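A.B. asks:
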Amino acid sequence: MKIARVTGTVTASVKAAPLTGHKLLVTDVEDGAGNVLEPAVVAADTCGAGVGDLVMLVTGSAARLPAAVAGVPIDAAIVAVVDHVDIAGGPAKRTPTRRRNG
Amino acid sequence: MKIARVTGTVTASVKAAPLTGHKLLVTDVEDGAGNVLEPAVVAADTCGAGVGDLVMLVTGSAARLPAAVAGVPIDAAIVAVVDHVDIAGGPAKRTPTRRRNG
Amino acid sequence: MKIARVTGTVTASVKAAPLTGHKLLVTDVEDGAGNVLEPAVVAADTCGAGVGDLVMLVTGSAARLPAAVAGVPIDAAIVAVVDHVDIAGGPAKRTPTRRRNG
Amino acid sequence: MKIARVTGTVTASVKAAPLTGHKLLVTDVEDGAGNVLEPAVVAADTCGAGVGDLVMLVTGSAARLPAAVAGVPIDAAIVAVVDHVDIAGGPAKRTPTRRRNG
Amino acid sequence: MKIARVTGTVTASVKAAPLTGHKLLVTDVEDGAGNVLEPAVVAADTCGAGVGDLVMLVTGSAARLPAAVAGVPIDAAIVAVVDHVDIAGGPAKRTPTRRRNG
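Chains as they are written, first to last, in our numbering: chain A, 1 to 102; chain B, 1001 to 1102; chain C, 2001 to 2102; chain D, 3001 to 3102; chain E, 4001 to 4102.
(1) Mind checking if P18(A) is an interface residue toward chain D, Cβ cutoff 8 Å exclusive?
(2) Under 9 Å Cβ-Cβ, which residues of chain C neighbour T1027(B)?
(3) Leaving out the 5 sequence neighbours to the left and right, which residues in its chain are closer than 7 Å to A2080(C) when beta-carbon positions are compared?
(4) Could you check whether A2040(C) and T2059(C) sit closer than 8 Å to each other, using their CB atoms as the reference points?
(5) Please report the straight-line C-alpha distance between M3001(D) and P3073(D), rounded to a whole angstrom.
(6) Which runs of the beta strand (DSSP E), 3 residues or longer, sit entirely within the stretch 2014-2087 of chain C?
(7) The stretch 3034-3067 of chain D: which residues have C-beta closer than 9 Å to a C-beta of chain A, in chain order?
(8) Do you know how far the Cα of V1082(B) is from the Cα of N1035(B)?
(9) To the nearest angstrom, report how far apart S61(A) and A1062(B) are at their CA atoms.
(10) Could you work out which residues of chain B lie near V2079(C), taking near to mean beta carbons separated by less than 8 Å?
(11) Opposite T2009(C) in the DSSP bridges: which residues?
(12) Pick from I4003(E), G4089(E), A4043(E): whose alpha carbon is nearest that of V2042(C)?
(13) Using C-beta distances below 7 Å, list every residue in its chain close to T2027(C), excluding the 5 sequence neighbours before and after it, in chain order.
(14) Measuring alpha carbon to alpha carbon, tell me which of K1015(B), A1088(B), T1009(B), V1010(B) ends up nearest G52(A).
(15) Cutting at 7 Å between CB atoms, please list the residues of its own chain near L4024(E), excluding the five before and the five after it.
(16) Could you confirm whether any beta carbon from chain B is found closer than 8 Å to the beta carbon of V10(A)?
(17) Taking Cβ-Cβ distances shorter than 7 Å, what residues in chain A pair up with H3070(D)?
(18) Could you name the residues of chain C that A1076(B) contacts, counting a contact when the two beta carbons are closer than 8 Å?
(19) Should A4067(E) go down as buried or exposed, given a rule of 16 or more other Cβ atoms within 10 Å for buried?
(20) When burial is assigned at 16 or more other CB atoms within 10 Å of the CB, is A3017(D) buried or exposed?
(21) Would you mind stating whether V2085(C) and G2032(C) have Cβ atoms separated by less than 8 Å?
(22) Return the CA-CA distance between L4037(E) and E4030(E), expressed in angstroms with no decimal places.
(23) Can you grab the Cα-Cα spacing for the pair R2100(C) / A1012(B), in whole Å?
(24) Is the beta carbon of G71(A) less than 8 Å from the beta carbon of L1065(B)?
(25) Any beta carbon from chain E within less than 8 Å of H3084(D)'s own beta carbon?
(26) I need the straight-line Cα distance from L1019(B) to V14(A), nearest angstrom please.
(27) So, for V4069(E): in the same chain, excluding its five sequence neighbours on each side, which residues have a beta-carbon less than 8 Å away from its beta-carbon?
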């Protein structure tokens, strides 16, 4: 899985029907210190995540395992909103800015 | 999934039979600001997309979930024509040039 | 899928039995203008492709969808011999050198 | 599979239910000599690994084959704690620092 | 698939049970001329390969198709020991050093 920051949203009126109703969030995959490793991965949200949240992405067929997105043509999903990324020897526990507590 | 710009088409008379009748579009994967991240990803169209459109690509086994391409030997499909890419703190809503409204 | 140029062949007498009888071609993945993006991807041929041909590769589980390679331990297959790659605003239609017409 | 060093942990209270109870470890994929190839791959632990351990990661659908994580939305799992990485012509057997023997 | 050189071995006493008895070889993915493209890919051997051999790797779910590794949590397997890599216009047939003939 990857740690990623939600940076925005994608909207599309013309799309595969099963995508309807699913929030599509643009994310930047990051390392433990917040450096961007891979920009602009679009993921279906399954956790109520929002812009600014640090999340955990799953990709491939696993993205369709949460019941809410079963059978939906997606290859990436947000399956957790991260509380802590704790890297040994790294900066103190990196608690991501959380939109809710903001 | 990825945001991508449709840049062209691929045609082939000698091909796996199930590919017959499917539009194969060449796309460049982009970030939220339009920078090319990965050029020349060929995807089967399932949304009526065309050259110049900003689309959403799905890859892997998910590409074969839309009914129209079930069982077709593809690993990438266009599953949405993007209306807006809205990146927090980025340039104003990036509304992709749309061939239809052009 | 990817556009790729067939550059050579791989032969192996010691191999998984189901690979027997399948032509294994070395390809270089290219962009629409012929620049190499990823060298040396080995793919099973399902279209009668040969060295010098411009082909379309499919990877992952899709590579085993053509009947001829069902169940064969491959992760990449040639599923089309490309006639044209037509990139909007690019050089005139890029008709790949075709071994047959050569 | 990949050789990786466990560098930290990820915790999340808001997450897909099946992730509950699974230890999510942050790892850096390394080469045989310990150089980092890909940072910050999050993997579900199935072997009792901990920070500092050198482990073997499996990714994709294989990550969900161990019984403990069957059906869990993960795309990477730790399936071994490495005793030795023995590279011919490389430095003497590289026995990873093991948290347990430390 | 990829062409790869076997460079070493990985041993682990703590591991997912199905891995027991399978030889885990460290390989460097190469291009047709022997340049390393991706170091340190660990693969399960299904062909009796050994250090120094040039092999063909398959990755993803295909890695588990050989009967010997069915259901084993692996994402890469050696499915051939390469006799020849023949690149058109490249150096004469590149016959890999073979441990057996050495």
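Positions of the beta carbon are idealized from the N, C-alpha and C atoms, including for glycine.
These figures come from a predicted structure and were not determined experimentally.
C.D. replies: Short version:
(1) Not closer than 8 Å to any Cβ of chain D, the Cβ of P18(A) fails to qualify, so no.
(2) Those within 9 Å of T1027(B) in chain C number zero; the least Cβ separation is about 10 Å.
(3) C2047, V2055, M2056
(4) In this structure, A2040(C) does not lie closer than 8 Å to T2059(C) by Cβ.
(5) M3001(D) and P3073(D): Cα-Cα distance of roughly 19 Å.
(6) 2024-2030, 2036-2045, 2054-2059, 2076-2081, 2084-2087
(7) The stretch 3034-3067 of chain D vs chain A, Cβ under 9 Å: E3038, P3039, A3040, V3041, V3042, A3043, A3044, V3051, G3052, T3059, G3060, S3061, A3063, R3064.
(8) 16 Å
(9) Straight-line spacing of the CA atoms in S61(A) and A1062(B) works out to 7 Å.
(10) K1015, A1016, L1019, P1073
(11) L2025(C), D4086(E)
(12) I4003(E)
(13) Excluding positions up to five away in sequence, the list reads A2004, R2005, V2006, T2007, V2041, A2043, V2055, L2057.
(14) A1088(B)
(15) The beta carbon of L4024(E) sits closer than 7 Å to the beta carbons of T4009, V4010, V4042, A4044 from its chain, once the five residues preceding and following it are set aside; these are given in chain order.
(16) yes
(17) Per the sequence shown, residue 3070(D) should be read as Ala rather than His. Chain A residues near A3070(D): none, gap ~10 Å exceeds 7 Å.
(18) M2001
(19) exposed
(20) exposed
(21) Contact: yes.
(22) 5 Å
(23) Reliability fails at R2100(C), whose pLDDT of 42 lies under 50, so the model's placement of it is uncertain and the value that follows must be treated cautiously. Approximately 14 Å between the Cα atoms of the pair.
(24) yes
(25) yes
(26) 23 Å
(27) H4022, A4044, T4046, A4063, A4077
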